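First to last, the sequence lines map onto chains B and Z.
Numbering follows my numbering, in which position 4 of the first sequence is assigned residue number 4; successive positions increment by one, without gaps.
Position in the second sequence (from 1) plus 1000 gives the number in my numbering.
One structure is given here, and the rest of the page talks about it.
Protein chains: 2
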Amino acid sequence: MTSSLFTGLSAFPLTPFSGERVDLPAFSRLVERLAAAGVDSIGALGSTGSYMYLSREERKQVASAAVAAAGDVPVFVGVGTLRTSWTLEATEDAQAAGAQAVLVAVPTYQALRDDEVFGLFEAVSAASSVPVIVYDNPGTTHVTYSEDLYAAITALPQVASVKIPPADPDPAAAEARIDRLRTVCAPGTAIGISGDAQGAAALTGGADLWYTAVGGTLPEPMLTITRAAQAGERDRALVLSAGLQPLWDLCARYGGSARVSAAIAEELGLVGPDCLPAPLKPLPDEARTAIRDFLAGV
Amino acid sequence: MTSSLFTGLSAFPLTPFSGERVDLPAFSRLVERLAAAGVDSIGALGSTGSYMYLSREERKQVASAAVAAAGDVPVFVGVGTLRTSWTLEATEDAQAAGAQAVLVAVPTYQALRDDEVFGLFEAVSAASSVPVIVYDNPGTTHVTYSEDLYAAITALPQVASVKIPPADPDPAAAEARIDRLRTVCAPGTAIGISGDAQGAAALTGGADLWYTAVGGTLPEPMLTITRAAQAGERDRALVLSAGLQPLWDLCARYGGSARVSAAIAEELGLVGPDCLPAPLKPLPDEARTAIRDFLAGV
């Protein structure tokens, strides 16, 4: 089951806000749009989906809306919180909403030791009846996973995939990294790349899937790259990705994929203005101009 | 009013857990103990008080218990959250509970720009009818305050104090830093030192108060240092602090004051075992042995 679930393109939509409230109709439209584009799975409540800025009740509503709007496309739901008991509640809620997997980031306030990170996964693994995705996102969680920690966590029941952060964009380096992870992680662990600029290199280097943030707003170009990689058209996938370099540059320059995705969605009229939860503010004018220039050329 | 409120020793107690619940009776005893020791103020729900691991309802209970147990000693209450609207709710709750000031940290998931950090303080400043303390704690929040940001935030109405992170432990360097901050922050801003190892150097270097984490569990030695510094006995304050070097070393080695304070409170029987909220776990045995050795010599 897991081998077909964790493959291809997994697209992470925004959770748009309208003032202090989640704009559920706009969110549902984003999910419908991804399903219609033909993505392989949908990742609700990832970092791009602002999961850490939502209450338990808001997360439940978003998870249910995602499952309803996704149709036949499987939905993964982010359940990370600062406290183990809250993450277990979120896991229960996500399953009740129909999530086909839960995505477990370990955000931190006090820095955590490896045994504490492992303990959190041990608790979720025991409580979850759906597959668990390890969400390794050091830029926001400030957790660094050693190889030993990867090995221990992926050996837990239900842990089926790791969502790895961007690294060296060189295709040979990406391939070597995936090869190395195959020897570190438990057999059968699906390796998914995060960090959109490295998606093509990782997919053509042997990653099982691409957990894409910007592809949650612009699915078509990421799908084209994914299908090329899946067809063994390595050079074409890399050339297509290189053609999106202005987009990767925007993400690197303006605070990452989540903020750039929000600005793109606003520019495309998919969401209302100022769709990020305060204290986050929209990108400055210069970034908006650069994004408009990019969109005009897509 | 603020000049007398933000002075001397401000002690930050733990919020002890018993399993998944806050141990309110143990918390109240910690606060009563601080008031009886003669601290100048009590900081509930600081980092040592695990504020980021508590629900809104739990924070309300802790704030009310702190005010009830503190008697005549003023209570400051931490109101930081990831979302502006939640911080405004916590500010309202803290005031309703009787807080004499609110302590505003800006924890982050997505990294924030300076204008976003400022916007959060602008919102709290407008909503609060009690003084606001700027809680600059880069080790947990990953926010770095520039001098321009300090200047802008401290110029806001109600912003009365900054709680600065530890820096150079050299007394001359500490004094130079405080002098510099006096030129950066709005006139009258009370400068308080966090980072217990630097408390004596900062107080004798001109800081207005010491926001002490370990002093929330071991108030007496920090009070002796504080009173020496206030009496102008600079050398004595520094010698007393140097005598606590084993304690400062423990904090540096074992994940900071919050974890060490929890272990000390457990060793002293002030709280039950395993008093930190999961996923945080108790310190390992070697640290416990070192803490017992230290306590035997106090």
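Quick reminder that beta carbons are idealized off the backbone N, C-alpha and C, glycines included.
Just so it is clear, the structure is predicted and the values come from calculations on it, not from any experiment.
**Study point:** Run of the beta strand (DSSP E) containing Z:V1104, from where it starts to where it stops
**Key:** Along the second sequence, read from residue 1 onward, the residue named residue 1104 of chain Z stands at position 104. Note, Z:V1104: beta strand (DSSP E), A1101 to A1105.
Check your understanding: Comparing the C-beta of Z:K1163 with each C-beta of chain B, is any distance below 7 Å?
Key -> Position 163 of the second sequence, counted from the start, is the residue given in the question as residue 1163 of chain Z. Answer no: the Cβ-Cβ gap between Z:K1163 and chain B never drops below 7 Å.
Check your understanding: Which class does B:Y109 belong to by DSSP, given the choice of helix, strand or coil?
Key -> In the first sequence, residue 109 of chain B corresponds to position 109, counting from 1. Reduced to three states, the DSSP call for B:Y109 is coil.
Check your understanding: At a Cβ threshold of 7 Å, is B:G49 touching chain Z?
Key -> For this step, residue 49 of chain B is matched to residue 49 along the first sequence. So, not an interface residue.
Practice item. Reducing DSSP to helix, strand and coil, say where Z:G1297 ends up. Key: Taking the first residue of the second sequence as 1, we reach residue 1297 of chain Z at position 297. In the three-state DSSP reduction, Z:G1297 falls in the helix class (H, G or I).
Check your understanding: So is Z:V1298 buried or exposed if we call it buried at 16+ other beta carbons inside 10 Å?
Key -> Position 298 of the second sequence, counting from 1, holds the residue named residue 1298 of chain Z. Exposed, by the Cβ-count rule.
Review point. For the putative contact between Z:A1174 and Z:Q1198, defined by C-beta atoms under 8 Å, what is the C-beta separation to the nearest angstrom?
Key: Taking the first residue of the second sequence as position 1, residue 1174 of chain Z is located at position 174. Taking the first residue of the second sequence as position 1, residue 1198 of chain Z is located at position 198. Between Z:A1174 and Z:Q1198 a beta carbon distance of about 6 Å is seen, short of the 8 Å cut, so the two are scored as contacting.
Exercise for review: Would you list, in sequence order, the uninterrupted alpha helix (DSSP H) runs of no fewer than 4 residues that lie entirely inside the region 1121–1175 of chain Z?
Suggested key: 1138–1141 and 1147–1154
Exercise for review: Would you grab the beta carbon distance between B:A265 and B:T217 for me? Rounded to a whole angstrom, and I think it's under 8 Å.
Suggested key: Taking the first sequence and counting its residues from 1, the one referred to as residue 265 of chain B is at position 265. Taking the first sequence and counting its residues from 1, the one referred to as residue 217 of chain B is at position 217. Confirmed, Cβ separation roughly 5 Å.
Point to revise | is_contact[B:E58, chain Z] using C-beta, thresh 7 Å | key: Counting from one through the first sequence, the residue named residue 58 of chain B turns up at place 58. No, B:E58 does not count as interfacial toward chain Z.
Check your understanding: With DSSP run on the structure shown, which of helix, strand or coil describes Z:A1011?
Key -> Residue 1011 of chain Z sits at position 11 when you count from the first residue of the second sequence. Look at Z:A1011 here: in three-state DSSP terms it is strand.
Point to revise | Segment limits, beta strand (DSSP E) that includes B:S41 | key: One-based indexing of the first sequence puts residue 41 of chain B at position 41. It spans S41 to A44 - the beta strand (DSSP E) in which B:S41 sits, taken as one unbroken run.
**Study point:** Nearest-angstrom Cα separation, counted from B:S129 out to B:T2
**Key:** Taking the first sequence and counting its residues from 1, one reaches residue 2 of chain B at position 2. Taking the first sequence and counting its residues from 1, one reaches residue 129 of chain B at position 129. Legend: pLDDT at B:T2 = 42, less than 50; position of this residue unreliable, value from coordinates given subsequently. About 13 Å.
Review point. Of all the CB atoms in chain Z, is at least one closer than 7 Å to the CB of B:R253?
Key: By one-based count along the first sequence, residue 253 of chain B stands at place 253. With its beta carbon at least 7 Å from every one in chain Z, B:R253 lies outside the interface.
Point to revise | Under 7 Å between C-beta atoms of B:A35 and B:A70 | key: Locating residue 35 of chain B in the first sequence gives position 35, where the first residue counts as 1. Locating residue 70 of chain B in the first sequence gives position 70, where the first residue counts as 1. Cβ distance < 7 Å, so B:A35 and B:A70 count as in contact.
Point to revise | Selected residue, minimal CA-CA separation from B:F17, among B:S50, B:L103, B:E92 and B:T7 | key: Your numbering for residue 17 of chain B matches position 17 in the first sequence. Ranking the options by Cα distance to B:F17, first place goes to B:S50.
Review point. So, is the C-beta of B:P301 closer than 7 Å to a C-beta in chain Z?
Key: Absent from the structure is residue 301 of chain B, since the part of chain B shown begins at 1 and ends at 298.
Review point. Pairing CB atoms from the region 227–243 of chain B with CB atoms from the region 251–263 of chain B, are three or more of them under 8 Å?
Key: no
Practice item. Starting from the Cα of Z:L1238, find the closest Cα among Z:L1120, Z:L1054, Z:T1204 and Z:L1149 and give me that residue. Key: In the second sequence, residue 1238 of chain Z corresponds to position 238, counting from 1. For Z:L1238, the nearest C-alpha among the options comes from Z:T1204.
Review point. What are the partner residues of Z:P1077, as DSSP defines its beta bridges?
Key: For this step, residue 1077 of chain Z is matched to residue 77 along the second sequence. Note that residue 1077 of chain Z is Val in the sequence shown here, rather than Pro. Under DSSP, Z:V1077 forms a beta bridge with Z:A1044 and Z:V1102.
Check your understanding: From the beta carbon of B:Y53, is the nearest beta carbon of chain Z less than 7 Å away?
Key -> Taking the first sequence and counting its residues from 1, the one referred to as residue 53 of chain B is at position 53. At least one chain Z Cβ lies under 7 Å of B:Y53.
Review point. Going by other Cβ atoms of all chains shown within 10 Å of its Cβ, with 16 needed for buried, is B:T289 buried or exposed?
Key: Translated into the one-based positions of the first sequence, residue 289 of chain B becomes position 289. Its Cβ having fewer than 16 others within 10 Å, B:T289 is exposed.
Check your understanding: Residues of chain Z with CB under 7 Å from B:P107, in chain order?
Key -> Position 107 of the first sequence holds residue 107 of chain B. Here the neighbours are Y1109.
Exercise for review: Could you tell me whether the region 77–87 of chain B touches the region 1275–1282 of chain Z, using the rule of 3 or more Cβ pairs below 8 Å?
Suggested key: yes
Exercise for review: Report the option in Z:D1136, Z:T1141 and Z:T1140 whose CA atom is closest to the CA atom of Z:L1149.
Suggested key: As a working mapping, residue 1149 of chain Z is identified with position 149 in the second sequence. For the residues Z:D1136, Z:T1141 and Z:T1140, the minimum Cα distance to Z:L1149 belongs to Z:D1136.
**Study point:** Selected residue, minimal CA-CA separation from Z:V1124, among Z:G1019, Z:A1186, Z:I1191 and Z:E1089
**Key:** Residue mapping note: residue 1124 of chain Z aligns to position 124 of the second sequence, counting from 1. Of Z:G1019, Z:A1186, Z:I1191 and Z:E1089, the residue nearest in Cα terms is Z:E1089.
Exercise for review: For Z:L1120, decide whether its Cβ has a neighbour in chain B, counting only Cβ atoms nearer than 7 Å.
Suggested key: Here residue 1120 of chain Z is taken as the residue at index 120 of the second sequence, counted from 1. Yes, Z:L1120 counts as interfacial toward chain B.
Review point. Does the beta-carbon of Z:E1116 have 16 or more other beta-carbons within 10 angstroms, so that it is buried, or is it exposed?
Key: For this step, residue 1116 of chain Z is matched to residue 116 along the second sequence. Classification of Z:E1116: buried, given that the 10 Å Cβ count is 16 or more.
Check your understanding: In whole angstroms, what separates the C-alpha of B:E153 from that of B:H142?
Key -> Numbered from its first residue, the first sequence carries residue 153 of chain B at position 153. Numbered from its first residue, the first sequence carries residue 142 of chain B at position 142. Sequence check: residue 153 of chain B is Ile here, not Glu. Taking the straight line joining both Cα atoms gives about 17 Å.
**Study point:** Through-space distance from Z:Q1100 to Z:V1039, alpha-carbon basis
**Key:** Counting from 1 along the second sequence, the entry for residue 1039 of chain Z is found at position 39. Counting from 1 along the second sequence, the entry for residue 1100 of chain Z is found at position 100. About 15 Å.
Check your understanding: Between the beta-carbon of Z:T1183 and the beta-carbon of Z:D1196, is there less than 7 Å?
Key -> As a first step, residue 1183 of chain Z must be located in the second sequence, where it is residue number 183. As a first step, residue 1196 of chain Z must be located in the second sequence, where it is residue number 196. It is not a contact, given that the beta carbons lie outside the stated cut-off.
**Study point:** Contact set for B:A167: own chain, Cβ-Cβ below 8 Å, skip 5 residues either direction
**Key:** Residue numbering aside, residue 167 of chain B sits at position 167 when the first sequence is read from its first letter. A173, A174, R177, G195 and Q198.
Point to revise | Where B:R253 sits in the DSSP three-state scheme | key: Along the first sequence, one-based indexing puts residue 253 of chain B at 253. In the structure shown, B:R253 sits in a helix (DSSP, three-state: H, G or I).
Point to revise | Contact check, B:V102 vs B:T91, beta carbons under 7 Å | key: On the first sequence, position 102 is the one that residue 102 of chain B refers to. On the first sequence, position 91 is the one that residue 91 of chain B refers to. Yes, the pair counts as a contact, with Cβ atoms nearer than the cut-off.
Check your understanding: In three-state DSSP terms, what is Z:T1217?
Key -> Looking up residue 1217 of chain Z in the second sequence gives position 217. Of the three classes helix, strand and coil, the one that applies to Z:T1217 here is coil, per DSSP.
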